[in-house]
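Quick note, the sequence shown lines up with residues 1 to 320 if you use full-length UniProt numbering.
First up is the structure itself, then whatever we jot down about it.
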Amino acid sequence: MATQADVTVEKVTDSYGLSEGPHWNHRTQKLYFVDIYNQYIRRLDTATGVVTSAYIEHGPVGVVVPVDDTTDAFVAGSGRDLILVTWDSDRDDSNATTEVLCPVDTTHTQTRINDGKVDSFGRFWLGTMANEVNGQILPNQGSLYCIDDELKPKVEVSPVSISNGLGWNIEDDTFYYIDSPTRQIAAYNYDPNEGTISNRRIVFDLNKTDLQGVPDGMTIDTDGNLWIALYGGKHVIHVNPKTGKMLGKVELPADNVTSVTFGGPLLDILYATTSSNGLTAEQREATPQAGAVFAIKGLGVRGILANSFVMNGLKQTMNN
Numbered sequence: 001m002a003t004q005a006d007v008t009v010e011k012v013t014d015s016y017g018l019s020e021g022p023h024w025n026h027r028t029q030k031l032y033f034v035d036i037y038n039q040y041i042r043r044l045d046t047a048t049g050v051v052t053s054a055y056i057e058h059g060p061v062g063v064v065v066p067v068d069d070t071t072d073a074f075v076a077g078s079g080r081d082l083i084l085v086t087w088d089s090d091r092d093d094s095n096a097t098t099e100v101l102c103p104v105d106t107t108h109t110q111t112r113i114n115d116g117k118v119d120s121f122g123r124f125w126l127g128t129m130a131n132e133v134n135g136q137i138l139p140n141q142g143s144l145y146c147i148d149d150e151l152k153p154k155v156e157v158s159p160v161s162i163s164n165g166l167g168w169n170i171e172d173d174t175f176y177y178i179d180s181p182t183r184q185i186a187a188y189n190y191d192p193n194e195g196t197i198s199n200r201r202i203v204f205d206l207n208k209t210d211l212q213g214v215p216d217g218m219t220i221d222t223d224g225n226l227w228i229a230l231y232g233g234k235h236v237i238h239v240n241p242k243t244g245k246m247l248g249k250v251e252l253p254a255d256n257v258t259s260v261t262f263g264g265p266l267l268d269i270l271y272a273t274t275s276s277n278g279l280t281a282e283q284r285e286a287t288p289q290a291g292a293v294f295a296i297k298g299l300g301v302r303g304i305l306a307n308s309f310v311m312n313g314l315k316q317t318m319n320n
């Protein structure tokens with residue numbers, strides 16, 4: 001990581017609610033993210049600073065990624081359903097067209113989809129958590145799923161409490177995963193051809209540090225090091241998973257940092273989402289930029305291209 005003096009943090013959007021799940025579309029050079037409880041998918045045009053939004057009537061939206069080889073199709077996790085969203089993201093849409101592709105957590109009715117990402121074969125890995133009730137989240141109600149183009153969710157990890165950050169290294173042989181309340185980052189051996197994980201081990205443990213908060217969203221750079229958002233911790237931390245050591249940290253003007261992803265033409269800008277959800281009046285006054293997206297520059301590293309969801313049947317339908 002570059003020296004702290006080289007690093008800049010810039011607010012690049014207005015403040016929203018629970019901003020989460022940033023996804024950089026390298027083909028279009030646009031940043032997508034969700035505003036979970038306000039039920040919006042949002043797109044930032046980083047060249048102009050303009051944000052467009054689509055309202056998702058279906059329910060809280062935890063994650064969104066584009067469908068491969070399309071311009072206006074997205075898959076999103078909304079409530080307990082994986083949905084297809086049709087949206088011309090150059091303009092606002094007060095009620096975007098949606099279609100349910102498949103449900104998850106069919107045996108748990110009080111859960112919702114949270115974070116997710118697409119692997120190198122176009123499979124969607126996404127996880128669930130219990131709905132928040134009076135600020136409390138019932139533990140061990142969620143699972144991590146893998147969904148391919150046959151739209152049959154396969155349980156990969158269960159039970160989990162708050163399924164959150166995930167990602168793969170550039171060699172595509174290691175999968176990293178966060179169940180937030182554990183305050184640990186787990187690694188698994190990864191078989192990209194089969195889409196399977198094995199040999200779980202802990203590579204970083206916040207319980208052994210003086211860091212505040214819990215690990216939330218996560219991304220990885222080309223050096224194989226992790227960048228982890230700390231919800232309740234005001235920082236993004238830079239971790240070497242091979243040594244278990246923290247390499248550095250970046251402070252943001254918001255207590256609840258929710259997720260991170262690399263973007264920009266060179267994939268050298270780290271975009272961080274934050275939350276204003278549940279803040280008291282005093283907290284809002286102290287951190288007026290909470291809920292915004294921030295661009296962190298000067299880190300001296302680059303990220304890995306994000307993948308889009310592959311739905312062969314959908315592409316054939318749309319091309320007819």
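C-beta atoms are modelled at their ideal positions from N, C-alpha and C, and glycine is treated no differently.
{"Asked": "Would you mind giving the Cβ-Cβ distance between tyrosine 177 and leucine 211, rounded to the nearest angstrom? I have them listed as a contact below 8 Å.", "Found": "With a Cβ gap of about 19 Å, tyrosine 177 and leucine 211 do not count as contacting."}
{"Asked": "Work out the CA separation of alanine 76 and methionine 129 for me, nearest whole Å.", "Found": "16 Å"}
{"Asked": "When you compare only the Cα positions, how much space is there between leucine 270 and leucine 82?", "Found": "27 Å"}
{"Asked": "Report the partner residues of alanine 73 according to the DSSP bridge assignment.", "Found": "Thr86"}
{"Asked": "If I follow the unbroken alpha helix (DSSP H) through alanine 229, where does it start and stop?", "Found": "No alpha helix (DSSP H) holds alanine 229; the beta strand (DSSP E) holding it covers 226-231."}
{"Asked": "If we count Cβ pairs, one from each stretch, closer than 8 Å, do we get three or more for the region 158-174 versus the region 102-121?", "Found": "yes"}
{"Asked": "From aspartate 68 to asparagine 95, what distance separates their C-alpha atoms?", "Found": "23 Å"}
{"Asked": "On the three-state DSSP scale, how would you describe glutamate 99?", "Found": "strand"}
{"Asked": "Would a C-beta distance cut-off of 8 Å place leucine 18 and threonine 258 closer than the cut-off?", "Found": "yes"}
{"Asked": "Here's a check: name, in chain order, each residue in its chain whose Cβ is nearer than 7 Å to the Cβ of methionine 311, leaving out the five neighbours to either side.", "Found": "Val67 and Asp149"}
{"Asked": "Does DSSP classify asparagine 312 as helix, strand or coil?", "Found": "helix"}
{"Asked": "Where does arginine 27 sit, in a helix, a strand or coil, going by DSSP?", "Found": "coil"}
{"Asked": "Please report the residue range of the alpha helix (DSSP H) in which glutamine 184 lies.", "Found": "Note, glutamine 184: premise wrong, no alpha helix (DSSP H); beta strand (DSSP E) at 184-191."}
{"Asked": "Could you check the C-alpha separation between aspartate 173 and arginine 284 for me, to the nearest Å?", "Found": "42 Å"}
{"Asked": "In chain order, which continuous runs of the beta strand (DSSP E) of length 3 or greater are located wholly inside the region 210-269?", "Found": "214-220, 226-231, 235-240, 245-251 and 257-263"}
{"Asked": "So the beta strand (DSSP E) glutamate 10 belongs to, where does it begin and stop?", "Found": "8-11"}
{"Asked": "Would you please state the rounded distance, in angstroms, between the beta carbons of glycine 303 and aspartate 6? I believe it to be under 8 Å.", "Found": "Contact flag wrong, Cβ pair sits at about 17 Å."}
{"Asked": "What residue does the alpha helix (DSSP H) around alanine 281 start on, and which one ends it?", "Found": "281-286"}
{"Asked": "Please classify alanine 47 as buried or exposed, where buried requires at least 16 neighbouring CB atoms within 10 angstroms.", "Found": "exposed"}
{"Asked": "From this set, Arg183, Gln289, Arg200 and Ser180, which residue's C-alpha is nearest asparagine 189's C-alpha?", "Found": "Arg200"}
{"Asked": "Whole angstroms is fine: what's the gap from valine 118's alpha carbon to valine 301's?", "Found": "22 Å"}
{"Asked": "Which ranges does the beta strand (DSSP E) cover as unbroken runs of at least 3 residues, wholly within the region 107-183, from first to last along the chain?", "Found": "111-118, 124-130, 142-147, 154-160, 163-168 and 174-179"}
{"Asked": "Might you give, ordered along the chain, the residues of its own chain that have their beta carbon closer than 7 Å to the beta carbon of aspartate 90, omitting 5 neighbours on each side?", "Found": "Thr52"}
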